[in-house]
Amino acid sequence: MKKIVKKIFFIVFFFLSVPLLSNPIQAGFFSFDKNTVTVANGATFEIAVIVNPGSDSLNGAETYISYDPNLLKVNSVSAGTLFPFSYNDTSVSGKIYVVANTDAPGSSVSSAGTIATITFQALKDGSGTLSYDCDTSKILKDDINVTNVVTCSQNTGSAVTIGGGQTTAPTNAPDQLPQSGVFDNVAKIAVPGMLLLFIGGIFRLLL
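16 is the number of the first residue of the sequence shown in our numbering; add one for each residue after it.
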């Protein structure tokens, strides 16, 4: 009898745990088309703002991009091709605001793409980083709640070196994992652990 009960619990545990392990939560994130940039003092370069939707369909995205205004000057920001509507604002020194979204109800995108291309000019020798301010970043899922699915831990920045790059060090702090991202990671670990604890308790009672 005990052997039969053990087999039953093993089968139940298997079917409960496999979906959790084989289907991890996926969410959107921001990146650039270049992880590193090296440029001469006074020269210009372009860098694209990329949105990756993960496993979701999206109807929009917005973010602030941080840069060192002592090292770089924003010459222009052009619209990307992922969404039909886009807008940008460069009026705040050291920040670039970019927003893009669909222009019709029910329309969405489910592939990675560019929402803006920024043209910078190098102002002096040094090094710095381009990074996303995750406190104000949103990647909006195409659902009734317009859920923000950005996962800040997956955002990637770009290291910029001008000339020799020896005069300054990167000043932007790395992106911090938001509370929603912490909860998702804890849930993925905690649920299988709770199942193991439960099965172990049943075995102790039966043995």
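Quick reminder that beta carbons are idealized off the backbone N, C-alpha and C, glycines included.
With distances taken from CA atoms, which of 141, 105, 159, 126 is nearest residue 120? The option with the nearest alpha carbon to residue 120 is 159.
In the DSSP assignment, find the unbroken beta strand (DSSP E) run with residue 144 in it and report its ends. 141-156
Which value, in whole angstroms, describes the spacing of the CA atoms of residue 191 and residue 152? In this prediction, residue 191 scores a pLDDT of 39, lower than 50, which makes its location untrustworthy; no coordinate-derived value is stated.
Nearest to residue 90 by CA position, among 133, 46, 146, 157, is which residue? The candidate whose alpha carbon is nearest that of residue 90 is 133.
Just mark residue 126 as buried or exposed, buried being the case when its beta carbon has 16 or more other beta carbons within 10 Å. exposed
With a Cβ-Cβ cutoff of 9 Å, do residue 131 and residue 95 count as a contact? One thing to note: residue 131 has its Cβ within 9 Å of the Cβ of residue 95.
Simplified DSSP assignment, three categories, for residue 108: When secondary structure is reduced to three states using DSSP, residue 108 falls in the coil class, being assigned neither helix nor strand.
What distance in whole Å lies between the Cβ atoms of residue 44 and residue 165, which are believed to be in contact at a cut-off of 8 Å? 6 Å
Quick one, which of 67, 174, 167, 64 has its alpha-carbon nearest residue 141's? 174
Taking just the CA atoms, how far does residue 65 sit from residue 49? 10 Å
Indicate the three-state DSSP secondary structure (helix, strand or coil) for residue 93 in the structure shown. Look at residue 93 here: in three-state DSSP terms it is strand.
Inter-residue Cα distance where the pair is residue 157 and residue 148: 22 Å
Whole angstroms is fine: what's the gap from residue 170's alpha carbon to residue 63's? 14 Å
Opening and closing residue of the beta strand (DSSP E) in which residue 79 lies: 73-81
What separation, rounded to the nearest whole angstrom, lies between the Cα atoms of residue 129 and residue 115? 10 Å
Please name the residue, chosen from 150, 178, 135, that lies closest to residue 92 on a Cα-to-Cα basis. 135
First and last residue of the uninterrupted beta strand (DSSP E) at residue 130: Start and end: 128-137.
So what does DSSP say about residue 168, is it helix, strand or coil? In the structure shown, residue 168 sits in a helix (DSSP, three-state: H, G or I).
Do you know whose CA, among 167, 81, 87, lies nearest residue 178's CA? 87
Start-to-end residues for the beta strand (DSSP E) that takes in residue 159: Taken as a continuous stretch (DSSP letters only), residue 159 belongs to no beta strand (DSSP E), as it is neither H nor E.
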